[in-house]
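See below for the structure under consideration.
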Amino acid sequence: MYIGCREGKEMFNVQIVDDEPIIRMGIEKMLNWNALGFEIVCMAQNGKQALEQLEVEKIDVIITDIEMPIMNGLDFIKEVRQQEASTGVASREVVVLTAYEDFEYARTAIKYGIAEYVLKPVDIEEMTQILSRLKERLEERKSI
2 MYIGCREGKE MFNVQIVDDE PIIRMGIEKM LNWNALGFEI VCMAQNGKQA LEQLEVEKID
62 VIITDIEMPI MNGLDFIKEV RQQEASTGVA SREVVVLTAY EDFEYARTAI KYGIAEYVLK
122 PVDIEEMTQI LSRLKERLEE RKSI
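My numbering runs 1 ahead of the 1-based position in the sequence shown.
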């Protein structure tokens with residue numbers, strides 16, 4: 002299990018942000034990411050660490066929890082969107098993967114333009130469908 006980034010290939014790059022190592026590892030091991038056209042290149046324990054990774058790594062998809070120490074997922078997404086707006090970086094696809102059904106969390110996340118709000122535990126089929134939709138959107142954006 003690592004924290005940090007590794008070099009991506011010719012695939013869409015994914016960042017996983019969750020304070021629980023077992024969740025990060027579970028997300029990483031649940032799918033054959035490469036077969037779906039994705040590569041996990043960064044993992045972070047909180048939003049602050051994830052922002053630092055975004056400064057040096059091209060990320061297409063962020064999968065983040067909400068409740069984390071230091072910087073929570075909603076503050077992280079808000080900061081990502083502000084940076085994208087100020088720098089002109091293309092909007093990243095964000096998937097919130099959380100145990101919280103709280104409507105306020107969902108409403109705030111939607112306000113920040115997330116792609117998906119998914120409750121834990123997520124199954125392989127659901128995650129595969131989400132990634133297929135994201136891949137279509139990313140490929141459309143790439144072809145423009």
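Virtual Cβ for every residue (Gly too), placed ideally from N, Cα, C.
Buried/exposed call for residue i, threshold 16 Cβ in 10 Å
i: Q130; result: exposed
i: G48; result: buried
i: G74; result: buried
i: A45; result: buried
i: I111; result: exposed
i: T65; result: buried
i: F39; result: buried
Residue nearest to residue i in terms of C-alpha spacing, selected from the options
i: A36; options: K136, Y118, E58 and V81; result: K136
i: I67; options: S133, M12, E140 and K121; result: K121
i: I41; options: Q16, A107 and A51; result: Q16
i: V96; options: E85, V90 and G114; result: G114
i: I62; options: A116, K143 and E126; result: According to the sequence as given, residue 62 is Val; it is not Ile. Nearest of A116, K143 and E126 to V62, Cα basis: A116.
i: E102; options: T88, V119 and A86; result: V119
i: M128; options: W34, R82 and K59; result: W34
i: R25; options: K59, E126, A107 and C43; result: C43
i: E56; options: G38, M72, S133 and Q84; result: Q84
i: V90; options: R134, K143 and K30; result: K143
i: F77; options: K59, E105, T109 and G27; result: T109
Sub-8 Å separation of residue i and residue j beta-carbons
i: E94; j: L139; result: yes
i: E80; j: L98; result: no
i: M69; j: D124; result: no
Residue i - DSSP class collapsed to helix/strand/coil
i: L120; result: strand
i: Q46; result: coil
i: N35; result: helix
i: V15; result: strand
i: I41; result: strand
i: M72; result: coil
i: A91; result: coil
Start-to-end residues for the beta strand (DSSP E) that takes in residue i
i: I60; result: Segment: none, I60 is in no beta strand (DSSP E) and carries neither H nor E.
i: V96; result: E94 to T99
Range of the contiguous alpha helix (DSSP H) that encloses residue i
i: M128; result: I125 to S144
i: I111; result: F104 to K112
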